[in-house]
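Asks: Each residue of the sequence shown is one higher than the one before, counting from -2 in my numbering.
All C-beta atoms in this analysis are idealised placements derived from N, C-alpha and C, irrespective of residue type, glycine included.
Could you have a look at this structure, given as C-alpha cells, before my questions?
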Amino acid sequence: MKHQQIINYFVFTIIFTASTLQASAQNIVGTYRSNFPLGGFFMTTVKLHANGSFDHHVAGDMQHQHLQGTYVQKDGKVYLKVEPKKDAPVDLSTSRVHNYTLKQISGVSYHLLYHVGRKRLYAHHEKSGKRIIRKKNYAKNRRQKYYLHKLK
C-alpha cells in the first residue's frame, strides 16, 4: 500500500511539473516596457504575439525605431529575429539606436535576445552571455535594476 502511494506521488509530481513548465512557456505573450529610460531618453517596448511575431519599439529624444519579426522561446530566453520590411529594407548593422547583427546560438538565429523572468524580460550581455541586471539610471544618477516589465 505504501509503495503505491509513493508511485502516485511521483506520477502527480511529474504531471504537475510538466503542466507548470507548459504554462510558463505560454506566459511570455504580452507587452513589456522598460522600467526606466536608458540614457535618460530611450524607452523600449516589446510586444510578443501568440502567433510567434513581435513588435519592438525604441523611442526617445528625437529618434524612433520600430522593428517587427518572429520570436522563439527556448531555455528561458526569447530570441527575436527581425524581418526587414519589403518596402523599406532596414540595414540593422548601421542603426542609430542599436547595432543589430545576426547571431546564432544552439541553431537559433536572432538579432536580439532577452532572458525571461517572472513577468519580466532582461537584456542580454553578448560578451558574458549573461543577463544584464543593472544599468545606469541618469534621472537618479545611479545604477539600478533594469528590465522590461509586463504591462497588464
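Using CA atoms only, rank isn't needed, just tell me which of Gln60, Val79, Ala136 and Arg128 is closest to tyrosine 144.
Replies: Nearest C-alpha to tyrosine 144: Arg128.
Asks: Is it right to say alanine 20 is buried, meaning 16 or more other beta carbons lie within 10 angstroms of its own, or is it exposed?
Replies: Summary for alanine 20: the model assigns pLDDT 43, below 50, so the residue's position carries little reliability; its value from the coordinates is reported in the next sentence. Looking at its Cβ environment, which holds fewer than 16 other Cβ atoms inside 10 Å, alanine 20 is exposed.
Asks: Less than 8 Å between the beta carbons of alanine 120 and tyrosine 107, yes or no?
Replies: Contact: no.
Asks: Please tell me whether threonine 67 and serine 50 are closer than 8 Å, where the distance is taken between their beta carbons.
Replies: Yes, the Cβ-Cβ distance between threonine 67 and serine 50 is below 8 Å.
Asks: Going by the CB atoms, is the gap between lysine 71 and valine 105 shorter than 8 Å?
Replies: Result yes, Cβ atoms of valine 105 and lysine 71 sit closer than 8 Å.
Asks: From arginine 140 to leucine 35, what distance separates their C-alpha atoms?
Replies: The alpha-carbon atoms of arginine 140 and leucine 35 are separated by roughly 11 Å.
Asks: Along the beta strand (DSSP E) that carries aspartate 58, what are the first and last residues, could you check?
Replies: Taken as a continuous stretch (DSSP letters only), aspartate 58 belongs to no beta strand (DSSP E), as it is neither H nor E.
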